[in-house]
Amino acid sequence: MLNSKSKDNLGASAASNTVISSKLSHLSHLKCSGCGKEYAHHELHTFCSFCQSPLLSIYDLKSIRQNVDRDEISRRPKGMWRWNELLPVLDAKNQVFLGEGDTPLLPLPRLKKGLGLSNLYVKDESSNPTGSFKARGLAAAVSKAKELGVEKVIIPTAGNAGGAMAAYAARAGLRAHIFMPKDTPFANIEESRMAGAEVVLVDGLISDAAGMAGEKARAEGWFDVSTFKEPYRVEGKKVMGYELAESFNWELPDVIIYPTGGGTGLVGMWKAFAELEELGWLENTKRPRMVSVQADGCAPVVKAFQAKASFCDFWTNAQTIASGLRVPKSFADHLILQDIYESNGTAIAVSDKSILESQKQLAVLEGIFAAPEGAATLAALKELLQQGWLHPDERIVLFNTGSGLKYLDHPN
Amino acid sequence: MTHNILYIEDNPDNMMLVQRALEARGYHLLKAMKGLDGVATAETEEVDLILLDINLPDIDGYEVAQRLRSSNKHQLASIPIIAITANALKGDAEKALNAGCDVYMSKPINIRELWARVEAFVPMP
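Going down the list, the protein sequences come from chains R and W.
Using our numbering, you'd call the opening residue of the first sequence number 15 and step up by one each time.
Using our numbering, you'd call the opening residue of the second sequence number 6 and step up by one each time.
Pasting the structure below:
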């Protein structure tokens, strides 16, 4: 295991003689990803009121560069919030912490050998609270909502985001309302109800749940934490990118293969790499190629990528066993596509059959019981190798976004 | 030459947002707050593209699309129709496309996407 906290992993200090910052967050303002309009961060915002694109958090990176020691962050207690200068919460008492972050980056020796690769890893997000990467984004969003005085939060979800929001809302003392498809894995439904959330099961997909959640939010004043319809979930997710850089001695891998539903993780990591580069914390400027993986029963990003489009068409009749990939159209589709293009990456769809085969392989060969979405990245890796898109010597990172234990009611 | 775009939408906020966005690009917006009014406007005015909300106060957007496609004004059989809806019900997208719409967009309306979708059918003046 590559331990992201290991001192041996750390490169030369970026600023060993710098003063340690006493400022918790260096958040400067919010900026529209579409038109560039700026918004104050001490007010509650959703998305751009002018062009209705997602808002992104902008930090005073110059100040961080001058005042924050990269290696000091590595010495802090484990967890997502050790990156507090680059996260949006201003007051530590508002950080809602359940142990999220600092997930292991595991080498995959048997798979690597079998596939003829030199450097293959998985970033295993299943050890996050509530068993998935969704914990990171909801930790950030719920914390910031709490800081801004929100008392009740609402979310449409394909599954894991609902469970995560319920847990963080409970921890923060907020009321939670969740809309999820009626065929969402039972674990997601039960963990949400157990944490006290009001759960509505929807006869439809996450897009249908989003419509209903949006209606309720507008009618009753709930704060909608839908993917990219508030600015902070992506901030929690971006920490995966910081952790990767730290684990690889402040270099970045050559290729990241990532399952894409709403796309917060992919967009977040690309944002993280840009911030790290601007901070001067990376040992070189080489960025990874980002691979977006979808299921062939719901592949709007893949279709748009193949058409060289800037936006996705709504995917009709979406179907896949990977519930997290059943997102007919992301609200941030243009950001996802922009980042894939910018990274010289690609987008690929895999079948449910290959997802199940890969899930079995990960378990049998490496002892990792991955979520179907995570297993999809291995399926994509094999396909990309066949296509010759990957070089065997490249440093490749798969993302397992959650635990397979949350999907036991799926007929495999 | 200015292109006429008809927006059939009962929500004044959405109407204002889209009007501002499209007029900024040089398009002329024709407005209808009800489905039947929208069909009538399409049949009497020169229209280059139709933006169509689904949840309307009289007939719904699916019905509007079907009436437009079967109109005696033969240009309406092929006029581009972009459905824009809050997709609160299951299968809205599928139903909109089956009713004769060319593209489905969900609210909130991303203006950059709207511009791209409109320009794909009707070049910016």
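Note that CB positions come from ideal geometry on N, CA and C, so glycine has one too.
Quick one: which residues of the stretch 315-333 of chain R get their C-beta closer than 8 Å to a C-beta of chain W? List them in chain order.
The stretch 315-333 of chain R vs chain W, Cβ under 8 Å: S324, F325, D327, F328, T330, N331.
Report the three-state DSSP secondary structure of R:E52 (helix, strand or coil).
Strand at R:E52.
Could you pull the start and end residues of the alpha helix (DSSP H) that R:Y182 belongs to?
Its alpha helix (DSSP H) spans residues 174-186.
From the beta carbon of R:F111, is the nearest beta carbon of chain W less than 8 Å away?
R:F111 does not count as touching chain W.
Just to confirm, does W:A88 get its C-beta within under 7 Å of one of the non-hydrogen atoms of the ligand SAH?
In the structure on display, the ligand SAH does not appear, and there are no ligands present to speak of.
In this structure, how does DSSP classify R:T360 when only helix, strand and coil are distinguished?
Three-state result, R:T360: strand.
Identify the contact partners of R:Q308 in chain W, using a Cβ-Cβ distance below 8 Å as the criterion.
None at all; the shortest Cβ gap to chain W is about 17 Å.
What did DSSP end up calling R:T330 once you bin it into helix, strand or coil?
It is coil, neither helix nor strand.
Kindly list the residues whose CB is nearer than 6 Å to the CB of R:H43, restricted to its own chain and excluding five residues on each side of it in sequence; keep chain order.
Taken in chain order, the residues that qualify are E52, H55, I72.
Do the stretch 266-275 of chain R and the stretch 289-302 of chain R make contact, defined as three or more Cβ pairs closer than 8 Å?
Yes, they touch.
Ignore the nearest five residues each way along the sequence and tell me which others in W:M5's own chain have a CB closer than 8 Å to its CB.
An answer regarding residue 5 of chain W cannot be provided, because it is not within the stretch 6 to 130 covered by chain W.
Cα-Cα, which of R:G50, R:V103, R:S67 is closest to R:E57?
The candidate whose alpha carbon is nearest that of R:E57 is R:V103.
From R:L290 to R:E265, what distance separates their C-alpha atoms?
Going from the Cα of R:L290 to the Cα of R:E265 covers about 10 Å.
Which residue wins for smallest C-alpha separation from W:I86, given the options W:E124, W:L57, W:M21?
Nearest of W:E124, W:L57, W:M21 to W:I86, Cα basis: W:L57.
Just to confirm, are R:S417 and R:A393 a CB contact at a threshold of 8 Å?
Not a contact, by the Cβ cut-off of 8 Å.
Just to confirm the assignment, what range does the alpha helix (DSSP H) spanning W:L57 have?
No alpha helix (DSSP H) contains W:L57, which is instead part of the beta strand (DSSP E) from 54-58.
Would you report the Cα separation of R:G255 and W:S111, rounded to the nearest angstrom?
If you take the alpha carbons of R:G255 and W:S111, they lie about 30 Å apart.
Are the stretch 149-156 of chain R and the stretch 118-135 of chain R touching, with three or more C-beta to C-beta distances below 8 Å?
The answer is no - the stretch 118-135 of chain R does not touch the stretch 149-156 of chain R, with fewer than three Cβ pairs under 8 Å.
Since W:A91 meets chain R, which of its residues come closer than 8 Å, beta carbon to beta carbon?
Under the 8 Å cutoff, chain R gives G225, G228, E229.
Name, please, each residue of chain W whose Cβ falls closer than 8 Å to the Cβ of R:H348.
Neighbours of R:H348 on chain W, chain order: N115, R117, E118.
W:E99 versus chain R: which residues are under 9 Å apart at the beta carbon?
Within 9 Å Cβ-Cβ: T330, N331.
Between which residues of its own chain and R:N98 is the CB-CB distance below 8 Å, once the five residues before and five after are set aside?
Correct list, in chain order: L38, S39, A106, Q109.
When Cβ atoms are compared, which residues of the stretch 46-65 of chain R fall closer than 8 Å to chain W?
Those residues of the stretch 46-65 of chain R that come within reach of chain W (Cβ to Cβ, closer than 8 Å) are G48, C49, F61, F64, C65.
In chain R, which residues lie less than 8 Å from W:Y12 when you measure between Cβ atoms?
Those do not exist, as W:Y12 stays about 15 Å from chain R at its closest Cβ, beyond 8 Å.
Take R:G359 and list the residues in its own chain whose beta-carbon comes closer than 6 Å to its own, dropping the five residues that flank it on each side.
Excluding sequence neighbours, R:G359 sits near R303, M304, V305.
Check whether the stretch 10-29 of chain W touches the stretch 192-200 of chain R, counting contact only when three or more Cβ pairs, one atom from each stretch, lie closer than 8 Å.
Cβ pair count under 8 Å is below three, so no.
Which of helix, strand or coil does DSSP assign to R:T391?
Helix at R:T391.
Given R:F328, which residues of its chain have a CB within under 6 Å of its CB, disregarding the five upstream and five downstream residues?
Answer for R:F328: P342, K343, listed in chain order.
How many angstroms separate the CA atom of W:L119 from the CA atom of R:G50?
Cα-Cα distance, rounded: 17 Å.
Listing by chain order, which chain W residues have their CB less than 8 Å from the CB of R:K343?
Correct list: S111.
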